[in-house]
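In my numbering, the protein residues as written are 22 to 322. One structure is given below, encoded as structure tokens.
Next up, the structure:
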């Protein structure tokens, strides 16, 4: 039995809000269908007729998330919205936002930033067989690092909170067919936490397309492919994990070399964040490149 609700049969939308689930629950509702979800009720999105489309998209997204994780070293949370989490008979792509821990994000080097920029370029992803429209944002620093109001004075933390709010609002917004000025419909989206089933589902073998492109060194589990072997692994398995992760990164480097439309990618994590923010605001029809700054006075004033 999954705790993830089914899309409403009339609107095709999830109930408003952020619905936490494991990858297994996400797959059961939006890919496998009612038979695997443990319930006799479901939306058209999970019906057998649409399984091939959703299975293809799911596999393409699995390749994408492994590439992102192998390149940057880890993902904290994933937000999935758009048509894939609705009752749309044939969703066009998977809309996803990767939330990256502050420490991981701030340590990204120029090469990692450029690779992440490609992986969040929809045209680049489609060209490489991944119908994924991805964003990546920095999570705020852990609560334990806050000192009274000092965290508000830290620009990176302040902007991380603004980004979380902006992306949360975007994912819950739905197109309205009513007249201008009427209330817009709200919809829900799914949050997948790394510690709620991520490894269980990812440990089914690395994507065949990545294996074929990267070579025999990329065999083994998907857990190994993202370089997240636990401390209880034996030395041989750890070595295999490193080889598999490097094979995935090699595939990504080769793919970027073959098709690199982004001739002027951002260099720093801050540049990347600004570019992501401009892109999502542009999609909303907002020309301003940056959200307004906080009006709160500096700490200690």
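For glycine and all other residues, C-beta sits at the position ideal for the given N, C-alpha and C. Predicted, not measured: the structure shown is a model, and the values here were computed from it.
Under the Cβ criterion (8 Å, minimum of three pairs), the stretch 147-160 counts as touching the stretch 99-117.
By the C-beta density criterion, residue 76 is exposed, having fewer than 16 other C-beta atoms within 10 angstroms. Under the DSSP definition of a beta bridge, residue 39 partners with 210.
Inclusion of residue 273 and residue 81 in the CB contact set at 8 Å is not warranted, their separation being larger than that value. Taking residue 150 as reference, the option from 122, 88 and 48 with the minimal CA-CA separation is 88.
Rounded to whole angstroms, the gap between the alpha carbons of residue 38 and residue 129 is 31 Å.
C-alpha of residue 263 to C-alpha of residue 289: approximately 26 Å in a straight line. When Cβ pairs closer than 8 Å are counted between the two stretches, the stretch 141-148 is seen not to touch the stretch 98-105, the count staying below three. Only residues of its own chain outside the window of five on either side were considered, and among them 91 and 92 have a CB closer than 8 Å to the CB of residue 270, listed in chain order. Taking all protein chains in view, the Cβ of residue 298 is crowded by 16 or more other Cβ atoms within 10 Å, so the residue is classified as buried.
Closest by C-alpha distance to residue 180, out of 302, 195, 161 and 117, is 161. It is roughly 31 Å from the alpha-carbon of residue 275 to the alpha-carbon of residue 188. If you draw a straight line from the Cα of residue 24 to the Cα of residue 278, it comes to about 43 Å. Relative to residue 124, the option among 163, 138, 131 and 86 whose CA is nearest is 163. The residues 290, in chain order, have a CB closer than 7 Å to that of residue 127 in the same chain once the five nearest residues on each side in sequence are set aside. Within the stretch 81-113, the complete beta strand (DSSP E) segments at least 3 residues long are 98-102, listed from N- to C-terminus. Looking at the DSSP output, residue 159 bridges to 121.
For residue 35, the closest alpha carbon among the candidates 292, 301 and 211 is that of 211.
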